[in-house]
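Q: Got a structure here, written out as structure tokens. Questions coming.
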Amino acid sequence: RFPKNGEEPASAGYELLSEIRSRVPDLPLLMLSSEANNRDLAHRIPAVFIEKTSRCMAEKLHDFFIRHLGFGDFIFRTPEGTEVGRASTLYEFEQRLRTVPDKSLRYHARYNHFSNWVMARAEVSLAARLHKEQVGDIDDCSALRKDLAAKVHVLRESRQQGVMTRFSTRDYDPEVTEFTRIGRGSVGGKARGIGFIASELHQARYRQPLFRENRIKIPQTCVIASSGFKDFIHLNRLHPDEHLPDHEIEQQFLAGALPDWLLNDLKAYLKNIHYPLSVRSSSLLEDARYRPYAGIYHTCMLTNQASDFKERLDRLVRAVKRVYASTWFEGPRTYSRSIGQTRADAMAVIIQQTVGRQYGNFFYPAISGVAQSYNYYPVDLMQAEDGIVHLATGFGKTVVEGEQSLRFCPAYPRHMPQFSTVEDMLNNAQRHFYCLSCATEAESVGGMTIRQLEEAVDEEAIQFL
């Protein structure tokens, strides 16, 4: 009891809860009382009633928080109380919203159960958007279902942009997750760089209108942290003789078995992925500022188009093992000796979406390239700080191998001395490009298919030239 007008009326609690109920009809209310006859008053409000003298008071209070305040799983029920589904994460919540029966959807929307459950997870903005006053016509189930699922999807997407999330076999969603990590330990230099760029692009949306109007993002990326490499080496007792040729070292690694935890995570990951992949190195020393281990480890290209899932998984596993094996190859060993680096490197592996489109039996991007913030060889009006861009049709191997590509300064994009005359154009223009052949299912280690431009003149990407 509490005082009202200088008195302590027996009905003070009932009157307070009734007033709250009249103002907020769908707010969960609880009446705690040592007087059992107040149970009927609680039902009139209506509110949940718990007797203070009950031996089960703690359990009943816990049940109130779980069932009425949104803590614990969201249990989808029909108006009759029959359970038709449950969700413990926002991912599962979105999936269930798309599939539960109409009457369950209407029931929970009408009583604001969706909003209450999301509010308990501190998602205040989403909870407000899921309130029954903000979701439109509750009786139009088709529109209601789309509206609710879309609002949850937008939140999940915004929460995972520009961050590296921990991989979960239960709720991994490549449509939302931009960058995820499998395992523990370091993700290596290259993956750290990708993560930094992802974060910068995300933050740029709030700072520059250009990035708000044009969505720029990294390819969907999964990195196997260094614990995968260490567990693989330890499990298979792999310490190859450094005098062995590269192909023998590779065979030893291919014969090894991945740790069970890593294999299970790769299975769960690949079930959701149906586009070509590049499997790339990300060693601890790679992309270091002064002694970068760039371009000396394996990269494997996978078409990832086999109809048999086991076959797709086997190729991915073999690609990961090939990247692991390349840490013992002659190239990295020689480079380590040349810079006085002891053999203490470990390897993370990046599994990344290959960006492009398929044209017949070939897959490639219309344009790829490299942009550098500093131009060491400026000419004419250019300044070193203006930078330089190298572009090519097809995969960027054309650029990184130093083959013929389009070079220009962003400050003077129309000023290209290498194309000053017809003869210069003929000598410096790109004549072939790199692509991924989808005609064969075998994985490609490092290399890709070379095609002449005239072979692809009918393909849309080439028509842009």
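To convert, count from 1 in the sequence shown and add 4; that's the numbering used here. Glycine included, C-beta positions come from ideal geometry on N, C-alpha and C.
For Lys8, write down the residues that DSSP places opposite it in a beta bridge.
A: Its beta-bridge partners are Glu11.
Q: Residue ranges of each alpha helix (DSSP H) run of no fewer than 4 residues wholly in the region 61 to 116, ordered along the chain?
A: With a minimum length of 4 residues, the continuous alpha helix (DSSP H) runs that stay inside the region 61 to 116 are 61 to 72, 94 to 101, 106 to 114.
Q: Quick one: Cα of Pro417 to Cα of Cys439, how far?
A: The alpha-carbon atoms of Pro417 and Cys439 are separated by roughly 27 Å.
Q: Closest to Asn120 by C-alpha separation, out of Leu248, Leu36, Met305, His72, would be which residue?
A: Answer by Cα proximity: His72.
Q: Would you call the region 258 to 273 in contact with the region 418 to 429, where contact means no fewer than 3 C-beta pairs closer than 8 Å?
A: With the cut-off at 8 Å, the region 258 to 273 and the region 418 to 429 do not touch.
Q: Does DSSP put Ile142 in a helix, in a strand, or in coil?
A: Three-state DSSP puts Ile142 in coil, outside helix and strand.
Q: In this structure, how does DSSP classify Gly373 when only helix, strand and coil are distinguished?
A: In this structure, Gly373 counts as strand in the three-state DSSP scheme.
Q: Can you say whether Met351 is buried or exposed, counting buried as having 16 or more other CB atoms within 10 angstroms of its CB?
A: Buried, because 16 or more other Cβ atoms sit within 10 Å of the Cβ of Met351.
Q: Using only the alpha-carbon positions, how far apart do Arg470 and Ala329 sit?
A: It is not possible to answer for residue 470, since the shown part of the chain is limited to 5 through 469.
Q: If we call anything under 8 Å between Cβ atoms a contact, is Gln456 one with Arg435?
A: In this structure, Arg435 lies closer than 8 Å to Gln456 by Cβ.
Q: Entirely within the region 128 to 200 and at least 3 residues each: give me those beta strand (DSSP E) ranges in chain order.
A: 183 to 186, all fully within the region 128 to 200.
Q: Classify Tyr273 as helix, strand or coil using the three-state DSSP reduction.
A: Note: Tyr273 maps to helix in three-state DSSP.
Q: What's the gap between the Cα of Val449 and the Cα of Ile253?
A: The pLDDT assigned to Val449 is 48, lower than 50, so where the model puts this residue is not dependable; a value taken from the coordinates is nonetheless given after this. So the alpha carbons of these two residues sit roughly 15 Å apart.
Q: With which residues is Arg326 paired in a DSSP beta bridge?
A: Partner(s): none; Arg326 has no beta bridge.
Q: Do Leu270 and Leu306 have their CB atoms nearer than 8 Å?
A: Not closer than 8 Å, so no.
Q: Under a Cβ-count criterion, where at least 16 other Cβ atoms within 10 Å of its own Cβ denotes burial, should Gln356 be classed as buried or exposed?
A: Burial call: buried.
Q: In the DSSP assignment, find the unbroken beta strand (DSSP E) run with Gln456 in it and report its ends.
A: Taken as a continuous stretch (DSSP letters only), the beta strand (DSSP E) holding Gln456 covers 453 to 456.
Q: Determine, using beta carbons only, whether Ser38 and Glu55 come nearer to each other than 8 Å.
A: Yes; because the gap between Cβ atoms is below 8 Å, this pair is in contact.
Q: Taking only the alpha-carbon atoms, compute the straight-line gap between Glu447 and Cys304 and give it to the nearest angstrom.
A: With a pLDDT of 49 at Glu447, under the threshold of 50, the predicted position of this residue should be treated as unreliable, and no value is reported.
Q: What are the boundary residues of the beta strand (DSSP E) that Glu39 is part of?
A: Note, Glu39: premise wrong, no beta strand (DSSP E); not H, not E.
Q: Between the Cα of Arg188 and the Cα atoms of Ile228, Gly74, Leu152, which residue gives the shortest distance?
A: With distances taken between Cα atoms, Arg188 lies closest to Ile228.
Q: Rounded to whole angstroms, what is the Cα-Cα separation between Arg326 and Arg361?
A: Cα to Cα, Arg326 sits roughly 26 Å from Arg361.
Q: Could you tell me the alpha carbon to alpha carbon distance between Leu45 and Asp67, rounded to whole angstroms?
A: Distance between the alpha carbons of Leu45 and Asp67: 21 Å.
Q: Quick one: any contact between the region 364 to 380 and the region 392 to 410, if contact means 3 or more CB pairs under 8 Å?
A: Enough Cβ pairs lie closer than 8 Å, so yes.
Q: Between Lys64, Phe75, Arg100, Thr93, which has its C-alpha nearest Arg81's C-alpha?
A: Taking only the C-alpha atoms, the option nearest Arg81 is Arg100.
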